[in-house]
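> Numbering (mature numbering (1 follows the signal peptide of the UniProt record, and there is no 0)), first residue to last: -18 to -1, 1 to 276.
Dropping the structure in here first, questions after.
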C-alpha cells in the first residue's frame, strides 16, 4: 500500500524532480520521502530587493515578509511541480516561510504580463459592480456545459470576495472572486491585481483558497505597491499615434471578456493553477496516512 499511495502522490503533484524511479519501492520510509520533499524545497533560489522583469519592462520591489522566485523556476513550479499547462510567468511571490511544497502552504502570487494594448479607463467611474457581478455569474453558468463536455467539473461564481477597486492615480485595479468548483469542500479564491501600462498590464494573481482571504487582505496593499512599470512603459507614456488600444476597458478586464473571446478552454486554464492547493494538501494527507503510526 505504501507504493500505491506514493505513486498517487507522484502523479498528482508532478514530481518530475525525482528522476530515479528504481529508488521508489515498498521499503521507502518517512525519512526517505521527507528527503525528496526537502530536496525539492531546497532546490529553489529566492531573491529580495528590487527585481527587474522581462527585459527592464517592469520591476517588483519584493515586499517585507515575501521572497521572489524568478521566471524559469516559477515555470517549473507551475508546470512540472503543480501540473498546470505550460505558461510564461515572469515570476512568483511567496510568503517568507512558505515553499511550493510546504505542508503549511497558504498562497502564492503568480506574476504575468498581457500585451493586449493600452486599457482606456474612461468607463471606470460608470461601472455598476452589482450588475457586472450578475453578468459574470451568468457567463460562468453558460460555460459549464462546455467545461463538462471537455471533461471538467462545473464552476460557479459565488460572488465578490473583495469588490473591485480602481486607483485612478496609480492605474492599479484589484478585485477578488469566490469560486465554487464541483466536488470541492473549500471554495477557491481568485484574487486579481492588474497594473496598467503603456502596451498592456501586469497580472498579479493570488493562488489560494477562501481560507487565506483575511491573510491576503492584510497584505494586499504592499503586494499592489510592489509592482511598477519602468520609464517608457508606464501608462502615462502612451502614444496614441503608435500604440495599440485594447478592445475593452476596465469593465471588460474585470469580467474576463478577453478570455471568453479565446473560447471556453482558455477560461478553464485560468483556474487550473489551483490544482496546486489540492496537490500540496494531498502530500500532507499521504504522509499522515502512510506514516501516521511511525
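Yeah, the Cβ is synthetic: ideal placement off N, Cα and C, and Gly gets one too.
1) To which residues does DSSP link residue 139 through a beta bridge?
2) Decide if residue 238 is buried, meaning its Cβ has at least 16 other Cβ atoms within 10 Å, or exposed.
3) My output table needs one value for residue 18: the three-state DSSP class, helix, strand or coil.
4) Going by the beta-carbon positions, is the gap between residue 287 and residue 178 smaller than 7 Å?
5) Going by C-alpha distance, which of 213, 230 and 100 is nearest residue 224?
6) Between the C-alpha atoms of residue 214 and residue 34, what's the straight-line distance to the nearest angstrom?
7) Output the distance between the C-alpha atoms of residue 105 and residue 54, rounded to the nearest integer angstrom.
8) Whose C-alpha, out of 154, 191, 181 and 190, is nearest the C-alpha of residue 221?
9) Just verifying my parser: in three-state terms, what is the DSSP assignment at residue 29?
10) So for residue 62, helix, strand or coil by DSSP?
11) Would residue 107 and residue 76 qualify as a contact pair, given that the criterion is a beta-carbon distance under 7 Å?
12) Determine the DSSP secondary structure at residue 230, reduced to helix, strand or coil.
13) If distances are taken between C-alpha atoms only, which option among 230, 73 and 83 comes closest to residue 21?
14) Just to check my reading of the structure: residue 141 and residue 160 have Cβ atoms closer than 8 Å, yes? What is that Cβ distance to the nearest angstrom?
15) Could you compute how far the alpha carbon of residue 51 sits from the alpha carbon of residue 201?
16) State the beta-bridge partners of residue 96 as determined by DSSP.
17) Is the beta carbon of residue 132 sitting closer than 7 Å to the one on residue 171?
18) Thinking just about the alpha-carbon of each residue, which of 167, 139 and 112 is nearest to the one in residue 145?
19) Straight-line CA distance for residue 88 to residue 59?
20) Let me make sure I understand the geometry here. Which of 168, 148 and 147 has the alpha-carbon closest to that of residue 138?
21) When the Cα of residue 173 is compared with those of 164, 29, 97 and 191, which residue comes out closest?
22) Write down the C-beta distance between residue 102 and residue 231 rounded to the nearest angstrom, noting that I regard them as a contact closer than 8 Å.
23) Apart from the five residues on each side of it in sequence, which residues of its chain come closer than 6 Å, Cβ to Cβ, to residue 204?
24) Please report the residue range of the beta strand (DSSP E) in which residue 170 lies.
25) How would you write the range of the beta strand (DSSP E) that residue 74 sits in, first residue to last?
26) What's the C-alpha gap between residue 186 and residue 236?
27) Cβ atoms of residue 27 and residue 43: under 7 Å apart, would you say?
By the coordinates alone:
1) 161
2) buried
3) helix
4) Residue 287 lies beyond the stretch modelled for the chain, which goes from -18 to 276, so this question has no answer here.
5) Taking residue 224 as reference, the option from 213, 230 and 100 with the minimal CA-CA separation is 100.
6) 14 Å
7) 37 Å
8) 181
9) strand
10) Helix.
11) no
12) coil
13) Out of 230, 73 and 83, the CA that lies nearest to the CA of residue 21 is found in 83.
14) 6 Å
15) Their Cα atoms are separated by approximately 18 Å.
16) Paired residues: 183.
17) no
18) 112
19) 15 Å
20) 168
21) Sorting 164, 29, 97 and 191 by C-alpha distance to the C-alpha of residue 173 places 191 at the top.
22) 5 Å
23) 45
24) 170 to 178
25) Segment 73 to 77, the beta strand (DSSP E) holding residue 74.
26) 13 Å
27) no
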